[in-house]
Structures are given as C-alpha cells and as structure tokens.
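Residue numbers 2 to 306, in my numbering, belong to the letters of the sequence shown in order.
Beta carbons are placed, not taken as given, at the ideal position from N, Cα and C, and that holds for glycine.
First up is the structure itself, then whatever we jot down about it.
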Amino acid sequence: MRCRKCSNKAVLGIPRHHTAFCGTCLTDFVSQQVMRAIKEEDMFTKADRVLVAVSGGKDSLSLLDVLHRLGYDVAGLYVDLGIGEYSRLSKSKVERFTQMRGIRLHVHQVLETEGAGINDLSDLIHRPACSTCGTIKRYHFNRTAVEHGYAVLATGHNLDDEAARLLGNVLHWQTEYLKKQGPSLPDSLDGFAKKVKPLFRVAEREVAAYAIVNRLDYIVEECPNAKGAKMLLYKDMLNRLEHESPGTKQMFYWGFLAMQKTGSGQRLSMAENDRAILQPCLKCSQPTTSEICGYCRMMARAQTV
Ligand code: AMP
Ligand code: FES
Ligand code: ZN
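What follows is the structure, given as structure tokens:
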C-alpha cells in the first residue's frame, strides 16, 4: 500500500476517505482535521490561552502535541485520581511529555484535596468509580480553566467517542443530553469555561496511528476501573458498520452536528438556556443548577475533608 499523497510506503489506510497515508502525510492529515475543527466550530484562536486536559493516554497527548506544533498557546491539566500504579504511570508520562516541550502543566491531586483516591471515595458514597471520577474531573477541568483565566478547556474526545455517545443518547432518547452534545460548548456565564473537542473529526485508529508515528510516549493500559461496558459495545457496533460501509461513523455524527446547526439552532441557544438555570454553588461558587453543586454534595457525603 502506497501513500496517496507522496507514494512513500503507507502506514494507514483510511477507507472513509478512499485514501492511505505515510507517517508524514498522516501527521499533516490529522493536523488539518484539527485546524478545520477549530475553525468550523469557532473553538479558539492563536491569541487564546488553551488548557488541554491530559490523561496520559494517546488521544489527549496527541491533541496537546498537534496544538503545540501548530503554534497554539497551550498548557496541560492532569487530574491525579489516586488509582495506584495506573495513576503513577500516567502522571509520569504527562510530566515527561510537557517537560520535554516546555509546556506548563497544572496537576490536581485528588488524594490531597479530596482526602481519598477515586476508589475509596466511590466506596464511601456508594457510587460507581467512573461516575465519581466523572464528577471530580469535570469539576476540576472547569475550575482550573476559570481560576487561571484560560479562554477554553480542550479534551481529547475523538470521532469514535462522540459517535458512541450520540448512539447511546439516541437509543435512550436522552433529549436533554442531545441538546448539550457538541464539539464546542460556549461559556454560558461567569464561572463556566468554554469546552471544546478539537479531535472530533479524527477517528480513534487515526489518532492511535498519529501517536505511534510521532513516537508519543503514552500510557497504553486502560484505567483498571473498566470503562462503561455500554460505550465499548456502542463503539464496537459502530466499527462493524464502518467496516461494512466506510464513512458511516462520520456521517452519523457530522450529520447530527449539521442538523443541530441548520435546525432550530439548539446548540447556539444553549448559552441562553444555561444562563437562566445556572447559579453559583453556595459552598464553592462554581456554577450549578441547584443551591449546592454535585461535587460539593458528593464531598459532603464522603466526609473525607
Ligand atoms: P475519558 O473520559 O477517559 O475517555 O477521557 C476523555 C478526555 O478527558 C481525555 O481525552 C482527556 O482530555 C480528559 N481526561 C481524562 N482523564 C483525565 C485525567 N485524569 N486528567 C486530565 N484529563 C483527563
Ligand atoms: Fe475515571 Fe478510571 S475511574 S478514569
Ligand atoms: Zn460546590
């Protein structure tokens, strides 16, 4: 198989675009898709300070790498969840990665601030580890971005993540979630950072190939608290469809985004909607729909701090 752009030996075939790329041209392809995502969804500009949430995995490190190479003003945020060896290893990968490139890194230590690691916290409040983890991560993503004055918070969600999430939301007709699902969510009020997903045009296998070709040192192991089995099932279903009919995944997700834009402009009106229902948490001042935010209620139940 030869690269369709330069005829060198190809490292990856991309059936959905009827093409194949060598390492260099794949790197260009991923960078172009990211640039297009940023522009089309009005995510940020080179004048903005961008905080990238990095887990140490291939997606978020690739995103940080691409944005840094493209000349964006980036910093990293790592949330140390206190999950034994997994957290130690992923943290050291993130630290090395940012040090080598001279990128500023914020680290939030759950063990120190929340008084226990994710597993102990979830035992205390009788909630699955992944949901406790999600609440804590979302809370600190927003808080760090706002407190340090970043224009935007970026995560490494790719096309497969977003298509699987859309499938789950559609299967259960989660209309409220559907309204909020998008690669660029505005900063609806003070204290609520803008959230973006610049990899939403890039498939998981393309990001993985980018990380390998560019020799990024990422953590291969998944979190030991196995991720939601449902999401893996949805990804698997979509991959099977993709295999039979290349382009299905992107048609599904991008089609949804196009409908959102041309339809009732739902995503655009979200800021208005949020402004009406969000207020500062009485304990921590972060935005919430109730008097006390989900994070503070969770910490009160855990009673670790
Ligand atoms: P996940 O929910 O694990 O699929 O992760 C989705 C995205 O959230 C990643 O691409 C990262 O941008 C971010 N993320 C996940 N875990 C962490 C973490 N421990 N610290 C910082 N960012 C994270
Ligand atoms: Fe959150 Fe594993 S429990 S990454
Ligand atoms: Zn709070």
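Between the CA atoms of residue j and residue i - distance to the nearest angstrom
i	j	result
Ala112	Asp81	According to the sequence provided, residue 112 is Leu. The question's Ala does not apply to it. Taking the straight line from one Cα to the other gives about 8 Å.
Arg102	Ser93	14 Å
Lys181	Glu163	12 Å
Ile137	Pro247	37 Å
Cys7	His19	15 Å
Leu269	Asp188	Residue placement at Leu269 is poorly supported in this model, since its pLDDT is 48, which falls under 50; the coordinates still yield a value, given next. Going by the C-alpha atoms only, they are around 11 Å apart.
Leu64	Leu234	25 Å
Val12	Glu245	21 Å
Glu223	Glu86	12 Å
Tyr178	Ile126	25 Å
Thr263	Asp237	30 Å
Phe142	Gln110	13 Å
Ala117	Ala194	26 Å
Ser32	Val208	10 Å
Ala48	His69	13 Å
Arg83	Ala130	Reading the sequence as shown, one finds Gly at residue 83 and not Arg. For Gly83 and Ala130, the distance between alpha carbons rounds to 12 Å.
His158	Leu200	6 Å
Ser56	Arg5	33 Å
Thr156	Thr145	14 Å
Leu186	Gln304	33 Å
Gly183	Met252	15 Å
Arg89	Val221	13 Å
Gly58	Leu239	22 Å
Leu122	Pro225	16 Å
Glu96	Gln280	35 Å
Assumed close pair residue i, residue j - CB separation to whole angstroms, cut-off 8 Å
i	j	result
Asn170	Thr28	Not a contact, Cβ separation roughly 32 Å.
Arg202	Leu160	6 Å
Gly192	Val153	No, Gly192 and Val153 are not in contact; Cβ-Cβ is about 15 Å, not under 8 Å.
Ile104	Gly72	Their Cβ separation, rounded to whole angstroms, is 13 Å, which puts Ile104 and Gly72 out of contact at 8 Å.
Ser61	Val53	7 Å
Lys250	Ala301	That belief does not hold up - the Cβ atoms of Lys250 and Ala301 are roughly 41 Å apart, past 8 Å.
Residue i beta carbon near the ligand FES (any heavy atom closer than 7 Å)
i	result
Ile119	yes
Ile84	yes
Asn226	yes
Cys4	no
Cys134	yes
Proximity test, residue i beta-carbon vs the ligand AMP heavy atom, cut-off 7 Å
i	result
Ala130	no
Check: residue i C-beta below 7 Å from any heavy atom of the ligand ZN
i	result
Ile293	yes
Lys284	yes
Gln287	yes
Tyr73	no
Cys26	no
Tyr296	yes
In DSSP terms, what residue i is bridged to
i	result
Thr20	Ile15
Tyr79	Val108
Lys10	Arg3
Asp74	Arg50
Thr289	Gln280
Leu154	Leu52 and Lys196
CB contact below 8 Å: residue i versus chain C
i	result
Ala155	This model lacks chain C altogether; it includes just one protein chain.
* Asked: In chain order, what residues have a CB nearer than 5 Å to some heavy atom of the ligand SAM?
  -> Although the ligand SAM was asked about, the structure shown includes only the ligand AMP, the ligand FES and the ligand ZN as ligands.
* Asked: Considering only residues of the stretch 159-197, which uninterrupted alpha helix (DSSP H) runs meet the minimum length of 4 residues and lie entirely inside it, listed in chain order?
  -> 160-172 and 176-181
* What are the start and end residues of each continuous alpha helix (DSSP H) run of 4 or more residues lying completely inside the stretch 110-138, in chain order? -> 111-114 and 119-126
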